[in-house]
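J.: Structure provided below as structure tokens; questions to follow.
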Amino acid sequence: MSKLLPPIKAKPATEFYLFGSTNRFRTPLPPSVNVCRAADLDQVVRLATSNTVFISFHRTSTIALLKSSMSNRPRARGAQLLTIEPPPAESVPALLGVFGTVLGLGKDSRWLPVEELVRVITGNDASSRFIGGAADMETETLALVRGSRETMVLPFSAFETSGDGTEPDFSKLGFTDFGHTVALGDYEASADAILYENDATYRQNLKKERLKSEQSFGASLRRLRLQRKLTQEDFAPLAKKTIARIERNEVGKPHGKTLNVLAQRLGVSADQIESY
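In our numbering, the protein residues as written are 1 to 276.
And the structure:
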């Protein structure tokens, strides 16, 4: 008699707890989001697991959460903490020792509006949006927090001047459009473009989805051209008409000199174009 296989255990669902006033929310909270009252704090901390995410609006609620974690057993070790308002500097070491992940420790951290942030982190496509981050002027690096609470660190040089000449102003970091847009002053970069350029896994997953609908050299060329913020006129000595015909698949896949011109202008090897 064959043995019965044990049932596959479902991945525990992530639970979110808000600390602070919910007056700023104009619509009902998602089902996975709970509002933690002061009277319930100790119980919530005792039951916290690595699948628990605490969102603290103010430093006073962050301190209360830390105190509760120290006085209760088991502590909230392994849980994640997102602080909208940075905690006191002297509390940072303790917070890092108690929680598995702590986000928003820097005074220069910037976030999506709270209502948008909550919608993003509880959504199915959380990893494809940015909820916050901070710019480090000294090292010229930009840390971007995805809705999945993972941090992507990029050099300022990753953000090139846009086609109309607008340059990024890293001192004016902001997030809009439910995490789809990263604003650097008047300069805007889409989350899709940032992830597509810098996350191989994201690019591979997106390619798999696109393969279901469109699979051609011309389509890949157009996606990569737009990613590089280039027009069809930017491939001299190739004519704009030639680029347009290639993108519309009116001609076969280019070879030789034409393919080399495309690859050089796009900044990739010739065999990489179709991976986009």
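Where a beta carbon is used, it is the ideal one built from N, C-alpha and C, also for glycine.
1) Across which residues does DSSP place V35 in a beta bridge pair?
2) Would you identify the three-state DSSP class for A48, choosing helix, strand or coil?
3) Look at the alpha carbon of T27 and the alpha carbon of N72, and state the distance between them as a whole number of angstroms.
4) Is V251 buried or exposed, if buried means 16 or more other CB atoms sit within 10 Å of its CB?
5) How would you label R129, buried or exposed, when you count the other beta carbons within 10 angstroms and need 16 or more for buried?
6) Entirely within the segment 97 to 184 and at least 4 residues each: give me those alpha helix (DSSP H) ranges in chain order.
7) Going by alpha carbons, who is nearest to G100 out of K172, L230, E150, N23?
8) Can you check whether the CB of V114 is closer than 9 Å to the CB of L81?
9) I need the straight-line Cα distance from G165 to P86, nearest angstrom please.
10) In its own chain, which residues sit with a C-beta less than 8 Å from the C-beta of P237, not counting the 5 before and 5 after it?
11) Could you give the distance in angstroms between the alpha-carbon of A225 and the alpha-carbon of G20?
12) Determine the closest residue to G163 out of H180, R228, N205, F16, with distance taken between C-alpha atoms.
13) Put Q298 into one of helix, strand or coil per three-state DSSP.
14) With DSSP collapsed to three states, give me the class of A13.
15) Using three-state DSSP, classify F57 as helix, strand or coil.
16) May I have the straight-line CA-CA distance separating F156 from L259, to the nearest angstrom?
17) Hey, out of F178, F159, Y196, N249, whose CA is closest to Y187's CA?
18) Taking the beta carbon of L4 as the centre, do at least 16 other beta carbons fall within 10 Å, making it buried, or is it exposed?
19) Check Y276 in the structure and name its three-state DSSP category.
20) Exposed or buried, which one is R222 when buried takes at least 16 other CB atoms within 10 Å?
21) From P7 to N34, what does the alpha carbon distance come to, in whole angstroms?
22) By DSSP's criteria, E209 is part of a beta bridge. Which residues make up the other side?
23) Using a Cβ-Cβ cutoff of less than 7 Å, which residues in the same chain neighbour H58 once the five nearest sequence positions on both sides are dropped?
24) Are the CB atoms of V120 and F54 within a distance shorter than 9 Å?
T.: Taking the structure as given:
1) L18
2) coil
3) 33 Å
4) exposed
5) buried
6) 114 to 121
7) E150
8) no
9) 35 Å
10) V261
11) A small fix is needed here, since residue 225 is Arg in this sequence, not Ala. About 45 Å.
12) R228
13) The chain is shown only over 1 to 276; residue 298 falls outside these bounds and no answer can be derived.
14) coil
15) coil
16) 30 Å
17) F159
18) The pLDDT assigned to L4 is 47, lower than 50, so where the model puts this residue is not dependable; a value taken from the coordinates is nonetheless given after this. By the neighbour-count rule (16 or more Cβ atoms within 10 Å), L4 is not buried but exposed.
19) coil
20) buried
21) Its pLDDT being 47, under 50, P7 is placed unreliably by the model, and nothing is read from it.
22) DSSP, once it has assigned bridges, lists no residue as partnering E209.
23) G20, E85
24) no
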